[in-house]
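Have a look at the structure below, then the notes.
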Amino acid sequence: MTNVLAIQHVGYKHNFKTILHDVDLTLATGKIVGLLGENGAGKTTLMRLLTGSAKGSGTITVCGDTQPAHHRSHVSFTEQLRGFSGNTRVEQVASFYRTVYPDFDGARFEELVTFLQIDTSLKLAALSKGMKEKVIIALTLARQVNLYLLDEPFSGIDSMSRKRIISSIIKWKPDDATMVISDHYVSEIAPILDEIVVVKDQTVAVHKASDAVREEFGLGIADYYESLYEGSAQRD
Amino acid sequence: MQFDDKVPIYYQIKNYLYHEMLTGQLTPGAKLPAIRQLAVDLTVNVNTVQRALGEMITAGIVTSKRGKGNFVTTDTARLAQLKEQLTMEQLERAYEQLHALNLTDDEIIAGLKQYIAQRGQQHD
Numbered sequence: 001m002t003n004v005l006a007i008q009h010v011g012y013k014h015n016f017k018t019i020l021h022d023v024d025l026t027l028a029t030g031k032i033v034g035l036l037g038e039n040g041a042g043k044t045t046l047m048r049l050l051t052g053s054a055k056g057s058g059t060i061t062v063c064g065d066t067q068p069a070h071h072r073s074h075v076s077f078t079e080q081l082r083g084f085s086g087n088t089r090v091e092q093v094a095s096f097y098r099t100v101y102p103d104f105d106g107a108r109f110e111e112l113v114t115f116l117q118i119d120t121s122l123k124l125a126a127l128s129k130g131m132k133e134k135v136i137i138a139l140t141l142a143r144q145v146n147l148y149l150l151d152e153p154f155s156g157i158d159s160m161s162r163k164r165i166i167s168s169i170i171k172w173k174p175d176d177a178t179m180v181i182s183d184h185y186v187s188e189i190a191p192i193l194d195e196i197v198v199v200k201d202q203t204v205a206v207h208k209a210s211d212a213v214r215e216e217f218g219l220g221i222a223d224y225y226e227s228l229y230e231g232s233a234q235r236d
Numbered sequence: 237m238q239f240d241d242k243v244p245i246y247y248q249i250k251n252y253l254y255h256e257m258l259t260g261q262l263t264p265g266a267k268l269p270a271i272r273q274l275a276v277d278l279t280v281n282v283n284t285v286q287r288a289l290g291e292m293i294t295a296g297i298v299t300s301k302r303g304k305g306n307f308v309t310t311d312t313a314r315l316a317q318l319k320e321q322l323t324m325e326q327l328e329r330a331y332e333q334l335h336a337l338n339l340t341d342d343e344i345i346a347g348l349k350q351y352i353a354q355r356g357q358q359h360d
């Protein structure tokens, strides 16, 4: 099995504060990976490093390519629709994507829009939290790449929208692509995760197959994740 | 379907499909839904469904026909064997738990008979 991503000795500092330190991580192709960690643990920073939109130390290889400037073409990440004004309509964002990303598949986008029940004539400022996440998912999955990143797609979302989003991930993630989904509340996505990666104490503390966690510890993913924090609380 | 997060998901998918077969929801020779469809229906990962089906194919319960999909075996003897095997697994689990309570074999049998009798009365 080949790897879609290899991170070696990656670190990142912001205002002299260490956000990530000596991160090593390798992800195989075709997986759905949960990127877990508390708020502020560095999950979003890690995603930004993968797309090349943040620059740190160390080496990041995406699809065999170590040039950060090239990573955007291998990685699909829609960071909170940043850079678009509230007056922009969803369909305008989509046409921007079509222009900027040669791998953007318009037909796929239409399928996702129908499935997620998105009204593309709406302006970004008029989108509810759940609808905004659905738009992000549709834009992200409409690109044909090897690595998809979703940053907390379920925070503050009602359960019906959550189910739709999870179904769209199962339906539209290409078999040979890997998807990283960050979350600080695990139980809702646990059944679809192949692997979990826990970011803690400025680095990747755990990288394990989900079913291995269940087999080895007899614990659910959420319980296992919480147990990692209980351990450190005792040491403090 | 609701999953128990403490138990490997592929194992639960396998048991779910076995249950469907042994209760006649899936008959011998029946075609199973496509892997991605099963994943969407059960809200699980495609790879996990693949692993469950892989093990069922190895066990001879499911046969894979290239380009056509996956089918429940038509070997009814094998399905009967599976039922026996799953029954024994359940009995083993129950027996070990009762044994751990320091019950003798006779007490376990007597207890089970009493339970079945009481259960029958409740249903009347």
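Residue numbers (our numbering), protein chains in the order written: chain A, 1 to 236; chain B, 237 to 360. Just so it is clear, CB atoms sit at the ideal spot from N, CA and C, and this is done for glycine as well. Model, not experiment: these values are computed from the prediction.
Return the Cβ separation of residue i and residue j in integer angstroms, given the expectation that the two are a contact with Cβ distance under 8 Å.
{"i": "A/Tyr34", "j": "A/Val186", "result": "Sequence inspection shows Gly at residue 34 of chain A; the Tyr mentioned does not correspond to that position. About 7 Å separates the two Cβ atoms, so the contact holds."}
{"i": "A/Leu124", "j": "A/Leu193", "result": "About 30 Å separates the two Cβ atoms, so there is no contact after all."}
{"i": "A/Asp151", "j": "A/Thr61", "result": "Contact doesn't hold; Cβ gap of about 21 Å is too wide."}
{"i": "A/Val10", "j": "A/Gly56", "result": "6 Å"}
{"i": "B/Lys323", "j": "B/Thr309", "result": "Note on residue identity: the sequence assigns Thr, not Lys, to residue 323 of chain B. 18 Å between Cβ atoms; not a contact."}
Give a yes or no on whether the minimum CB-CB distance between residue i and chain B is below 8 Å.
{"i": "A/Asp236", "result": "At A/Asp236 the pLDDT is 38, less than 50, meaning the model places this residue with poor confidence; the figure from the coordinates comes in the next sentence. A/Asp236 does not count as touching chain B."}
{"i": "A/Ile7", "result": "no"}
{"i": "A/Gly130", "result": "no"}
{"i": "A/Arg214", "result": "yes"}
{"i": "A/Lys55", "result": "no"}
{"i": "A/Asp176", "result": "no"}
{"i": "A/Leu35", "result": "no"}
{"i": "A/Asp194", "result": "yes"}
{"i": "A/Ala233", "result": "For A/Ala233, the predicted model reports a pLDDT of 47, less than 50, meaning its position is unreliable; a value from the coordinates is still stated below. Taking Cβ atoms only, chain B never reaches closer than 8 Å to A/Ala233, which makes this a no."}
{"i": "A/Ile170", "result": "yes"}
{"i": "A/Pro102", "result": "no"}
{"i": "A/Asp211", "result": "yes"}
{"i": "A/Pro238", "result": "Residue 238 of chain A lies beyond the stretch modelled for chain A, which goes from 1 to 236, so this question has no answer here."}
Hey, quick one: how far does the alpha helix (DSSP H) through residue i stretch, first residue to last?
{"i": "A/Tyr12", "result": "Premise fails: A/Tyr12 lies in the beta strand (DSSP E), 3–14, not in any alpha helix (DSSP H)."}
{"i": "B/Ile245", "result": "245–258"}
{"i": "A/Gly106", "result": "106–115"}
{"i": "A/Asn87", "result": "Careful: A/Asn87 lies outside any alpha helix (DSSP H) and carries neither H nor E."}
{"i": "B/Leu278", "result": "271–278"}
{"i": "B/Asn306", "result": "Not the alpha helix (DSSP H): B/Asn306 falls in the beta strand (DSSP E), residues 305–308."}
{"i": "A/Lys163", "result": "159–172"}
{"i": "A/Val75", "result": "Note, A/Val75: premise wrong, no alpha helix (DSSP H); beta strand (DSSP E) at 75–77."}
So residue i is in the beta strand (DSSP E); what residue range does that whole segment cover?
{"i": "A/Asp24", "result": "17–28"}
{"i": "A/Ala209", "result": "203–209"}
{"i": "A/Gly34", "result": "32–36"}
How about residue i: is its C-beta nearer than 8 Å to some C-beta of chain A?
{"i": "B/Thr294", "result": "no"}
{"i": "B/Tyr254", "result": "no"}
{"i": "B/Asn338", "result": "no"}
{"i": "B/Tyr351", "result": "no"}
{"i": "B/Pro264", "result": "no"}
Could you work out which residue in the options is closest to residue i when comparing CA atoms only?
{"i": "A/Ile165", "options": "A/Gln202, A/Val113, A/Glu79, A/Ala212", "result": "A/Val113"}
{"i": "A/Ala69", "options": "A/Ser85, A/Glu79, A/Leu50, A/Asn87", "result": "A/Leu50"}
{"i": "A/Ala142", "options": "A/Thr18, A/Leu5, A/Arg98", "result": "A/Arg98"}
{"i": "A/Thr59", "options": "A/Ile7, A/Ser159, A/Phe16", "result": "A/Ile7"}
{"i": "B/Ile249", "options": "B/Lys267, B/Pro264, B/Asn283", "result": "B/Asn283"}
{"i": "A/Lys134", "options": "A/Ala54, A/Ser76, A/Met47, A/Phe115", "result": "A/Phe115"}
{"i": "A/Ile19", "options": "A/Gly42, A/Ala28, A/Leu36", "result": "A/Gly42"}
Original post:
Just checking, does the region 163–175 of chain A make contact with the region 260–269 of chain B on the three C-beta pairs under 8 Å criterion?
Top reply: no
**OP:** Indicate whether the contact test is met: 3 or more Cβ pairs, each with one atom in the region 64–78 of chain A and one in the region 214–234 of chain A, closer than 8 Å.
**Re:** no
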